[in-house]
Amino acid sequence: MSGVEEAIRSMLSISTWAILCYFVVVNCLYLVLMVSAALDLRTHSLEADDDQLRRLLSSPLAPRISMLVPAYNESVTIVENIRGLLTLAYPGLEIVVVDDGSNDETIAALRSEFDLEPISPVFHKVLPAEEITSVFRSRLHPDLVVAAKKNGGKSDALNAAIDLASGELVCSLDADTILEEDALQRLVRPFLGSDEVVAAGATIRVANGCTVHNGRMKEVHAPRRFVAGVQAVEYLRAFLFGRLGWNRLGGNIVISGAFALFRRQLLIDIGGYRHGVGEDMDIIVRLRRDGYERGRHARVEFVADPVAWTEAPDSLRVLARQRDRWHRGLSETLWHHHRVLLNRRYGVLGWVLFPFFVAIEWVAPVVEAAGLVTIVAGLVLGAIDVPLAALVFLAAYGLGLLHSLSAITLAEFSSQRYGSVRDSRRMLMWAILENLGYRQLTVWWRLRGIARFLRGNTEWGSMERRGIPTGEAAG
Amino acid sequence: MTHSGILEIALIAVFAPVVVMTTLIIAHAKHADAREKRDALALDQCRGSLIRVLVDGANVAPVDRSLLSGLPARLLLDLFLELERSVRTSETLSLRAVAIEFGVVDSAELLIGSRRWWRRLRGVQLLMLLDERRELRPALLADTHTRIRSTAAAWSVAGATPEEIEAVIHLLDDPDALTRFIATDTLIRTGREAVPAIVELLANREARGVAAALEVASSINDPRFLDPALELCRHEGALIRSLAYRVLGAVGGTRALDQLAVGLADSDERVRAEAAAALGRLRHWPAATLVALCLNDEHWNVRSAAGLALRDMGSPGILLLRRAARPHSPTAPLARQILARRDLFDSDVGAA
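Quick mapping for you: the protein sequence lines, in order, are chains A and B.
Everything in the first sequence is counted per this note's numbering, starting at 1 for the first residue and increasing by one.
Everything in the second sequence is counted per this note's numbering, starting at 1001 for the first residue and increasing by one.
Shown next as structure tokens:
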């Protein structure tokens, strides 16, 4: 055996052990998150605070909330979406719809349905956004404000909505998110009586397979199709122990923009949303950085209890675009705020959260891809034996399966459980199948996201949605 | 140890929990399904019995009595909690009588003595909804767990004694934010009965909970708050000062108005904005000229509060706004916005 061959074999062997150790460490950290999440979930489920929630409905102290609804070419669904928001149980809820230069009948549909009257409000345009051309208020629902502006993108529309909003808190929401009636009452809790909380996020679950009636979730079922099913498992993992676990370990640096609550003035102070693909994470990191830089606490809480439902992509093509975008967004945010990393000034953010997201969330697809290549090459060249290769697979996918099952177990023993034995079996099946091809695909999509970030690609791509049919299960 | 040996151990270490968790999930799902179906049937029947009692005012029939007696304690408590939220006041007495007869109140009292906080919480929630055993409230207000204290505070709206009001006032300084919120809300709902205790708290400017007490004062709007609020307008904390000005805006009167005018020149923008807004709410047009000076303030919230206050003051304020809206005036953009303000809530905007 030549010296070069020997060196290659040696390198492959060392790499394999390094990758094995990486997966073991990563999964140990996930175990810590899981334990933290389980403790939080247990406390939360024991509290059962329905009476205190109801009290909010008549309290003069309830902070005013403005729902921010950016809309672009949504004439088909906008009326139904707004009707759903109008039935949310929260006192004095304001809804601010910003039409981002639609070239369909979005504004006409709203005018016709809600009897809009032109108004001239007093507001301070602070955040970067295209010019607002007109503002209306509904005569039927005076807390519904609709603004039309020139096209500028989602972040631009959100900034315009923040400027117009009158609430102390603002809630970002995706157009197709389905909320439970008391979702806001639950999500607002961390803000009550505390100035330290700057943002709060909620659990997002996959609506595919469920039944919706009048904009409300009527029956909860596990998705019947593979693509939606594996995403349901991923979402449980990400929210029930990914986000919840961080509550006790330093807070979160990302909450889903599909349903999140913020202090309006703090969003204005940091300059609102930035244009980009990772705006959800970017805004949270900026809020937390601002807290450290101003010498005050800035907690970002995750509340497991309010659940928002969203339609997950049901085709691999659309899903690929989404995951590519998410990883680009992660790359963009981590790079933009790289000075936070291991910076003493930023406390837990710089020394715990950022290193975790860099070394684990961001690097993971690189390591996983390298692992696959290393193992194949190692086996072919005889540098590693089959048991060692199997150990690496076990560390990567076996422990991954364990974490998925842990998330499903947490859900089963909490208010997040699916309704029936059949649904539980289905979720177990998706958790097992996830590791047989799907997970490897996500590695490829995330690597593509990193590559596109490095090439400076900032496109969103189109997200096709079928919608969840009302009155019957789909997906 | 060889790789094969490590692999064997690892396989067991990974797949044993997989098998255990899978079994746990399926078993729990089956058990929960079966229990839900059983409970739903039992609850349905018992719910029917209780609704008959509430609607007909009838005594509990023997068959209903045996159904209710056979229901597990946790379901009985859930059922009473559910119905209590739906009944009118006239029906509450009937429900309360049935609750006492079936030992629900006694069960709740037993729960309060539990070492487990979540059991004590169930107990206090039920007693609160049925408004029974009020004599237990003082101890609950001092419970070691924050959820018990906050629930007891919420309960204290109903016929609070002076001692209970004092205990709730202490909760304004509770380490838990939600408890502080509920205590503040409770005192607002308690109304004028809480005024003497709040006035006493406000007299001690260094006391913790002063900010929350000022929030309560601004909602209750009692003239007894005037003196302590005037004193707190000189507090070193800007938040306290701004809340004190809010109280003055709620109470009104000559002394309050004089102090509000002084507040327009405070060093903190929150205080200036609060003072301007208060003068607008009180429509105190003699202060219009001073308020108009705030249109030049460096902070938007002060400028807009001043502008809206001038609008609310009527003709004198409108005149000053028109002057401020002259071309090339630095205050013109805001003044024009205020003058052009047109909204559904304005009396001069008629319905189409």
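For every residue, glycine included, the Cβ atom is placed at its ideal position computed from N, Cα and C.
Nearest candidate by alpha-carbon position, reference residue i, set the options
i	options	result
A1305 (chain B)	B:R1323, B:R1281 and B:A1324	B:R1281
Q440 (chain A)	A:G419, A:G378, A:V366 and A:L405	A:V366
L319 (chain A)	A:G449, A:F413, A:R111 and A:S415	A:G449
E1231 (chain B)	B:R1085, B:V1210 and B:A1276	B:V1210
I1338 (chain B)	B:P1330, B:A1325 and B:L1344	B:A1325
D1131 (chain B)	B:V1019, B:E1163, B:A1029 and B:S1094	B:S1094
V1124 (chain B)	B:F1102, B:I1198 and B:R1147	B:R1147
A89 (chain A)	A:I162, A:D143, A:E181 and A:D305	A:E181
A304 (chain A)	A:A175, A:E5, A:T203 and A:V145	A:T203
A18 (chain A)	A:G437, A:E368, A:G400 and A:A407	A:E368
W326 (chain A)	A:N457, A:S13, A:M67 and A:L20	A:N457
Q1045 (chain B)	B:I1169, B:A1217, B:I1112 and B:D1064	B:D1064
G153 (chain A)	A:D176, A:A129, A:L169 and A:V145	A:A129
F453 (chain A)	A:I384, A:V386, A:R323 and A:G193	A:R323
L192 (chain A)	A:Q231, A:N159, A:P355 and A:L53	A:L53
Proximal residues of chain B, C-beta to C-beta of residue i below 7 Å
i	result
P60 (chain A)	I1188 and S1219
R387 (chain A)	One detail in the question is off: residue 387 (chain A) reads as Pro in this sequence, not Arg. Chain B residues near P387 (chain A): H1003, S1004 and L1007.
Cβ pair residue i, residue j closer than 8 Å
i	j	result
S1156 (chain B)	R1137 (chain B)	yes
A1167 (chain B)	A1142 (chain B)	yes
A183 (chain A)	A308 (chain A)	yes
A1154 (chain B)	L1140 (chain B)	no
I1025 (chain B)	L39 (chain A)	no
A175 (chain A)	D100 (chain A)	no
A1287 (chain B)	A1261 (chain B)	yes
Beta-carbon neighbours of residue i, restricted to chain A and to distances below 7 Å
i	result
R1342 (chain B)	I119 and S120
T1184 (chain B)	L61
V1014 (chain B)	L394, G398, L399 and L402
F1181 (chain B)	L61, L192 and G193
V1018 (chain B)	L401, L402 and L405
Q1337 (chain B)	V122
Where residue i sits in the DSSP three-state scheme
i	result
L164 (chain A)	helix
G1249 (chain B)	helix
T1161 (chain B)	coil
S420 (chain A)	coil
D305 (chain A)	strand
V386 (chain A)	helix
S58 (chain A)	coil
A524 (chain A)	There is no way to answer for residue 524 (chain A), as the model of chain A reaches only from 1 to 475.
H213 (chain A)	strand
C1233 (chain B)	coil
S256 (chain A)	coil
E130 (chain A)	coil
S120 (chain A)	strand
V277 (chain A)	coil
R1341 (chain B)	coil
I1012 (chain B)	helix
E1215 (chain B)	helix
I270 (chain A)	coil
G1103 (chain B)	coil
Contacts that residue i makes with chain A (C-beta to C-beta distance below 8 Å)
i	result
K1037 (chain B)	By Cβ distance, chain A contributes nothing, its closest Cβ being about 11 Å from K1037 (chain B), past 8 Å.
Interface partners of residue i on chain B, CB under 9 Å
i	result
E412 (chain A)	L1024, I1025, H1028, A1029 and A1032
R323 (chain A)	Result: empty, since nearest Cβ-Cβ is about 26 Å, beyond 9 Å.
Neighbouring residues, chain B, relative to residue i (Cβ below 8 Å)
i	result
E47 (chain A)	W1118, L1121 and R1147
H124 (chain A)	W1300 and S1304
N57 (chain A)	Residue identity check: residue 57 (chain A) is Leu in the sequence provided, not Asn. Neighbours of L57 (chain A) on chain B: none; closest Cβ ~12 Å, over 8 Å.
V421 (chain A)	I1026, A1029, K1030 and D1033
Residue i CB to nearest heavy atom of the ligand NAP below 7 Å
i	result
L433 (chain A)	With respect to the ligand NAP, the structure offers nothing, as it holds no ligand at all.
query = Are there three or more Cβ pairs, one per stretch, closer than 8 Å when the segment 278–292 of chain A is compared with the segment 236–248 of chain A?
reply = no
ask   = Between the segment 1306–1321 of chain B and the segment 76–95 of chain A, are three or more C-beta pairs nearer than 8 Å?
value = no
The segment 1180–1189 of chain B in contact with the segment 60–70 of chain A per 3-pair CB rule at 8 Å = yes
ask   = Per the contact definition of three or more C-beta pairs closer than 8 Å, is the segment 1247–1260 of chain B in contact with the segment 1282–1292 of chain B?
value = yes
message = Check whether the segment 249–266 of chain A and the segment 183–195 of chain A are in contact - that is, three or more C-beta pairs closer than 8 Å.
response = yes
message = Using a Cβ distance threshold of 8 Å, determine whether the segment 1192–1211 of chain B contacts the segment 1236–1248 of chain B, with at least three qualifying pairs required.
response = yes
ask   = Taking three-plus beta-carbon pairs below 8 Å as touching, is the segment 192–210 of chain A in contact with the segment 131–149 of chain A?
value = no
query = So does the segment 1268–1277 of chain B actually touch the segment 1296–1303 of chain B, counting three or more Cβ pairs closer than 8 Å?
reply = yes
Stretch-stretch touch, CB-based, cutoff 8 Å, three pairs: the segment 325–344 of chain A with the segment 269–279 of chain A = yes
ask   = Three or more beta-carbon pairs under 8 Å between the segment 393–410 of chain A and the segment 16–32 of chain A, yes or no?
value = yes
inquiry  = Taking contact to mean 3 or more Cβ pairs, one atom from each stretch, closer than 8 Å, check whether the segment 63–81 of chain A and the segment 164–181 of chain A are in contact.
reply    = yes
ask   = Is it true that the segment 340–359 of chain A meets the segment 368–382 of chain A, where meeting means three or more beta-carbon pairs spaced less than 8 Å apart?
value = no
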